[in-house]
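S.K.: The following block contains the structure, expressed as structure tokens.
2 protein chains.
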Amino acid sequence: MPKTASTTKGQIKQASIDLFREKGYYATSISDIARNCGIQKSSIYYHYATKQDILFDIFKTTMVDLEEYVVKALSAAENFEAKLKEAIKAHIFFHVDRQKEAFIADSELRGLTAENYKAIVRMRDRYDSIFQRIIQDGIEAGDFLVKDLKILSYVIITMCTAVTNYFRPEGRLSKEEIATLYSDFIITAMKREHF
Amino acid sequence: MPKTASTTKGQIKQASIDLFREKGYYATSISDIARNCGIQKSSIYYHYATKQDILFDIFKTTMVDLEEYVVKALSAAENFEAKLKEAIKAHIFFHVDRQKEAFIADSELRGLTAENYKAIVRMRDRYDSIFQRIIQDGIEAGDFLVKDLKILSYVIITMCTAVTNYFRPEGRLSKEEIATLYSDFIITAMKREHF
DNA sequence: GTCTATACGATGATAGAC
DNA sequence: GTCTATCATCGTATAGAC
Chain B
1 MPKTASTTKG
11 QIKQASIDLF
21 REKGYYATSI
31 SDIARNCGIQ
41 KSSIYYHYAT
51 KQDILFDIFK
61 TTMVDLEEYV
71 VKALSAAENF
81 EAKLKEAIKA
91 HIFFHVDRQK
101 EAFIADSELR
111 GLTAENYKAI
121 VRMRDRYDSI
131 FQRIIQDGIE
141 AGDFLVKDLK
151 ILSYVIITMC
161 TAVTNYFRPE
171 GRLSKEEIAT
181 LYSDFIITAM
191 KREHF
Chain E
1001 MPKTASTTKG
1011 QIKQASIDLF
1021 REKGYYATSI
1031 SDIARNCGIQ
1041 KSSIYYHYAT
1051 KQDILFDIFK
1061 TTMVDLEEYV
1071 VKALSAAENF
1081 EAKLKEAIKA
1091 HIFFHVDRQK
1101 EAFIADSELR
1111 GLTAENYKAI
1121 VRMRDRYDSI
1131 FQRIIQDGIE
1141 AGDFLVKDLK
1151 ILSYVIITMC
1161 TAVTNYFRPE
1171 GRLSKEEIAT
1181 LYSDFIITAM
1191 KREHF
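Same order as they appear, the protein sequences are chains B and E.
For what it's worth, my numbering labels the leading residue of the first sequence as 1, then goes sequentially.
For what it's worth, my numbering labels the leading residue of the second sequence as 1001, then goes sequentially.
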């Protein structure tokens, strides 16, 4: 669920999320955002110094919240398979529950300035390492048979992130069903006994 | 391999591919393209009526060539598993060999006008149906166990398309190795005997 | 904190000479 | 077919009143 947007700054952020998702960061103008908030465009600059700052704010909170959410979901799981299953489920739930922001965080990296880009990539790398660690531990314990850890973790995260592209709350499948579908698919492909 | 760019129009197209890939369609100006071609920006309008026409041209040729390439690769395969393997391999080879265009065709859909968007989505749907048909035939023949055809085909195409995001010709793995990795992963997850 | 007004560069696209 | 010159518009961002 999106954060409450009771403050003007919150409204600006929410309108930006809606518009960046719909048209993209570059195609969205400050005027567009102001119009969607019912304020004048100059008023935005009281809350954010630049349009870039709005984008960076969206990226940062999304990445922080995602990592926190997944780490928490992991904590209860006992073995590597359960951990991977929980991580996949949490990743998908987050990307469905906060679909717009998650979509932006996945697709608008190019809109970031060089410094902001570096900061976000650092956060992404740390997030990815959560998955890599689980898989690595599973390999060492003999549970998983994996040919290339780097590519496999990339594949898993990419395919689970892609739910932001098509998921509809009123759609044929619930997020629970989709999460099960994905984790079954992934774990079937990875488990040692299948080779 | 990219098409030869011996004509001015070809140079404009190639420069646009380079720039759209690098900065995105919106962030690329006509001046940028002209500069990269060593011509004046007004000269571009002799070859293309609008910037949109350049983007649409890139999309069209990429989609046409991709479908042709995959269909040809399929024709020799005998059974469903071999067909799926060939389709995955061909899809990945194309996306690696024509990485820039393929990346654009995957990421710049939002840059298309409404009418152009519809035309390309129609082409994509037809392309996707090639994969869906193979999987469907495999299910009916009892080779594949698949819980959701629509989502599975989407997952397969998405994950294979994502090689455009990270593949480097001088990288650790060859395109052949990556294609094998992906098709092994996918087919392992799908084959009936694993359940 | 929000408004009106404005600066000012860049943009896509056109006109017309050669 | 490519050039120079130009247009109208829109972009981000700022100044200063209230």
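Think of the CB as a built atom: it goes at the ideal place given N, C-alpha and C, for glycine as much as any other residue.
Since we're looking at a predicted model, the values are computed, not measured.
DSSP three-state call for F167 (chain B): helix, strand or coil?
M.R.: Translated into the one-based positions of the first sequence, residue 167 (chain B) becomes position 167. If DSSP states are grouped into helix, strand and coil, F167 (chain B) belongs with coil.
S.K.: Spatial neighbours of I139 (chain B) within its chain, please: C-beta separation below 8 Å, excluding the five flanking residues on both sides.
M.R.: To locate residue 139 (chain B), count along the first sequence from 1; it is residue 139. Closer than 8 Å at Cβ, skipping near neighbours: L145, V146 and L149.
S.K.: Is I135 (chain B) closer than 8 Å to L152 (chain B) when the C-beta atoms are compared?
M.R.: By 1-based counting over the first sequence, the position of residue 152 (chain B) is 152. By 1-based counting over the first sequence, the position of residue 135 (chain B) is 135. Taking 8 Å as the Cβ cut-off, L152 (chain B) and I135 (chain B) qualify as a contacting pair.
S.K.: Mind checking which residues open and close the alpha helix (DSSP H) that includes V155 (chain B)?
M.R.: Here residue 155 (chain B) refers to the residue found at position 155 of the first sequence. Looking at the DSSP string, the run of the alpha helix (DSSP H) that includes V155 (chain B) is L149 to T161.
S.K.: So, with DSSP's three-state summary, where would you put M1001 (chain E)?
M.R.: For this step, residue 1001 (chain E) is matched to residue 1 along the second sequence. Confidence in M1001 (chain E) is poor, its pLDDT being 40 and thus under 50, which makes the residue's placement unreliable; the coordinate value appears in the next sentence. It is coil, neither helix nor strand.
S.K.: Quick one: which residues of the region 1141-1152 of chain E get their C-beta closer than 9 Å to a C-beta of chain B? List them in chain order.
M.R.: Per Cβ criterion, the list reads K1147, D1148, K1150, I1151 and L1152.
S.K.: By Cβ distance, which residues of its chain are closer than 8 Å to I1058 (chain E), with the 5 residues on each side in sequence left out?
M.R.: Here residue 1058 (chain E) refers to the residue found at position 58 of the second sequence. K1013, S1016, I1017, F1020, E1101, I1104 and A1105.
S.K.: Counting pairs of beta carbons, one from the region 32-43 of chain B and one from the region 118-130 of chain B, are three or more of them closer than 8 Å?
M.R.: The region 32-43 of chain B is not in contact with the region 118-130 of chain B.
S.K.: Can you grab the Cα-Cα spacing for the pair M63 (chain B) / D125 (chain B), in whole Å?
M.R.: If you number the first sequence from 1, residue 63 (chain B) lands on position 63. If you number the first sequence from 1, residue 125 (chain B) lands on position 125. Cα-Cα distance, rounded: 11 Å.
S.K.: What does V1103 (chain E) touch in chain B if you count any residue whose Cβ is under 8 Å from its own?
M.R.: For the purposes of this step, residue 1103 (chain E) is identified with residue 103 of the second sequence, where counting begins at 1. Note on residue identity: the sequence assigns Phe, not Val, to residue 1103 (chain E). In chain order: nothing, as chain B lies at least about 11 Å away.
S.K.: Quick one: what's got a C-beta closer than 6 Å to K1041 (chain E)'s C-beta in the same chain, skipping five residues either side?
M.R.: As a first step, residue 1041 (chain E) is located in the second sequence; it is residue number 41 there, counting from the start. Contacts found: I1030, S1031 and A1034.
S.K.: What's the C-alpha gap between V71 (chain B) and I178 (chain B)?
M.R.: Your numbering for residue 71 (chain B) matches position 71 in the first sequence. Your numbering for residue 178 (chain B) matches position 178 in the first sequence. Cα to Cα, the separation comes out at about 20 Å.
S.K.: On the criterion of 16 or more Cβ atoms from any shown chain inside 10 Å, does T28 (chain B) qualify as buried, or is it exposed?
M.R.: Counting from 1 along the first sequence, the entry for residue 28 (chain B) is found at position 28. Buried.
S.K.: On the DSSP bridge assignment, give the partners of F144 (chain B) in chain order.
M.R.: What you label residue 144 (chain B) is simply residue 144 of the first sequence in a count that begins at 1. In the DSSP output, where bridge partners are listed per residue, F144 (chain B) has B:K191.
S.K.: I'd like the list of long-range same chain contacts for A90 (chain B), defined as Cβ closer than 7 Å, with 5 residues on each side in sequence excluded.
M.R.: Residue mapping note: residue 90 (chain B) aligns to position 90 of the first sequence, counting from 1. Around A90 (chain B): Y69, V70 and A73.
S.K.: Rounded to whole angstroms, what's the CA-CA distance from E78 (chain B) to K85 (chain B)? Just pull it up for me.
M.R.: The count along the first sequence starts at 1 and reaches residue 78 (chain B) at position 78. The count along the first sequence starts at 1 and reaches residue 85 (chain B) at position 85. One C-alpha to the other measures close to 11 Å.
S.K.: In this structure, does DSSP put E78 (chain B) in helix, strand or coil?
M.R.: By 1-based counting over the first sequence, the position of residue 78 (chain B) is 78. Correct three-state label for E78 (chain B): coil.
S.K.: Which stretch, first to last residue, makes up the alpha helix (DSSP H) that contains S1031 (chain E)?
M.R.: Looking up residue 1031 (chain E) in the second sequence gives position 31. Taken as a continuous stretch (DSSP letters only), the alpha helix (DSSP H) holding S1031 (chain E) covers I1030 to C1037.
S.K.: Which stretch, first to last residue, makes up the alpha helix (DSSP H) that contains Q99 (chain B)?
M.R.: Start at 1 with the first residue of the first sequence, and residue 99 (chain B) comes out as number 99. From DSSP, the alpha helix (DSSP H) with Q99 (chain B) extends over Q99 to S107.
S.K.: Is it right to say A82 (chain B) is buried, meaning 16 or more other beta carbons lie within 10 angstroms of its own, or is it exposed?
M.R.: As a position in the first sequence, residue 82 (chain B) is number 82, starting the count at 1. Counting Cβ neighbours within 10 Å, A82 (chain B) comes out exposed, since fewer than 16 surround it.
S.K.: What number of angstroms, rounded off, separates the C-alpha of K191 (chain B) from the C-alpha of Y1127 (chain E)?
M.R.: Translated into positions along the first sequence, residue 191 (chain B) becomes position 191. Translated into positions along the second sequence, residue 1127 (chain E) becomes position 127. Taking the straight line joining both Cα atoms gives about 31 Å.
S.K.: Would you decide whether G142 (chain B) is buried or exposed? Buried here means 16 or more other CB atoms lie within 10 Å of its CB.
M.R.: If you number the first sequence from 1, residue 142 (chain B) lands on position 142. By the neighbour-count rule (16 or more Cβ atoms within 10 Å), G142 (chain B) is not buried but exposed.
S.K.: Would you verify that the beta carbon of A179 (chain B) is, or is not, closer than 8 Å to some beta carbon of chain E?
M.R.: The residue labelled residue 179 (chain B) in the question sits at position 179 within the first sequence. Chain E, which has no Cβ nearer than 8 Å to the Cβ of A179 (chain B), makes this no.
S.K.: If we define contact as Cβ-Cβ less than 8 Å, is M1159 (chain E) a contact residue for chain B?
M.R.: Indexing the second sequence from 1 puts residue 1159 (chain E) at position 159. M1159 (chain E) counts as touching chain B.
S.K.: Is E1108 (chain E) near L1055 (chain E), with beta carbons less than 8 Å apart?
M.R.: In the second sequence, residue 1108 (chain E) corresponds to position 108, counting from 1. In the second sequence, residue 1055 (chain E) corresponds to position 55, counting from 1. Against a cut-off of 8 Å, the Cβ pair of L1055 (chain E) and E1108 (chain E) comes out as a contact.
S.K.: Quick check on the burial criterion: 16 or more other C-beta atoms within 10 angstroms. Buried or exposed for A87 (chain B)?
M.R.: The count along the first sequence starts at 1 and reaches residue 87 (chain B) at position 87. It is buried - the Cβ of A87 (chain B) has at least 16 other Cβ atoms within 10 Å.
S.K.: Please classify M1001 (chain E) as buried or exposed, where buried requires at least 16 neighbouring CB atoms within 10 angstroms.
M.R.: Numbered from 1 along the second sequence, position 1 holds the residue referred to as residue 1001 (chain E). Low confidence applies here, because M1001 (chain E) scores a pLDDT of 40, under 50, leaving its location unreliable; read the following figure in that light. Exposed, by the Cβ-count rule.
S.K.: Taking only beta carbons into account, state which residues of the region 4-26 of chain B come closer than 9 Å to chain E, listed in chain order.
M.R.: Answer in chain order: E22, K23, G24, Y25 and Y26.
S.K.: Below 8 Å on C-beta distance, what does Y1154 (chain E) contact in chain B?
M.R.: Taking the first residue of the second sequence as 1, we reach residue 1154 (chain E) at position 154. A162 and Y166, listed in chain order.
S.K.: Could you please give the first and the last residue of the uninterrupted alpha helix (DSSP H) stretch that includes R21 (chain B)?
M.R.: Within the first sequence, numbered from 1, the residue matching residue 21 (chain B) stands at position 21. Note, R21 (chain B): alpha helix (DSSP H), T8 to K23.
S.K.: Closest to C160 (chain B) by CA distance: which of B:I130, B:Y26, B:M123 and B:F93 is it?
M.R.: Residue 160 (chain B) sits at position 160 when you count from the first residue of the first sequence. Of B:I130, B:Y26, B:M123 and B:F93, the residue nearest in Cα terms is B:F93.
S.K.: Residues of chain B with CB closer than 8 Å to the CB of R1110 (chain E), please, in chain order.
M.R.: For this step, residue 1110 (chain E) is matched to residue 110 along the second sequence. Result: K23, G24 and A27.
S.K.: So, under 8 Å CB-CB, T1164 (chain E) and Q1099 (chain E) are touching, yes? Tell me the CB distance rounded to an integer number of Å.
M.R.: As a first step, residue 1164 (chain E) is located in the second sequence; it is residue number 164 there, counting from the start. As a first step, residue 1099 (chain E) is located in the second sequence; it is residue number 99 there, counting from the start. Contact holds; Cβ gap of about 5 Å.
S.K.: In the structure shown, what three-state DSSP assignment does S1183 (chain E) receive?
M.R.: For this step, residue 1183 (chain E) is matched to residue 183 along the second sequence. Residue state, collapsed to three classes: helix.
S.K.: With 8 Å set as the bound, which would you pick, yes or no: does the beta-carbon of F80 (chain B) sit closer than that to a beta-carbon of chain E?
M.R.: On the first sequence, residue 80 (chain B) is found 80 positions in, with the first residue counted as 1. So, not an interface residue.
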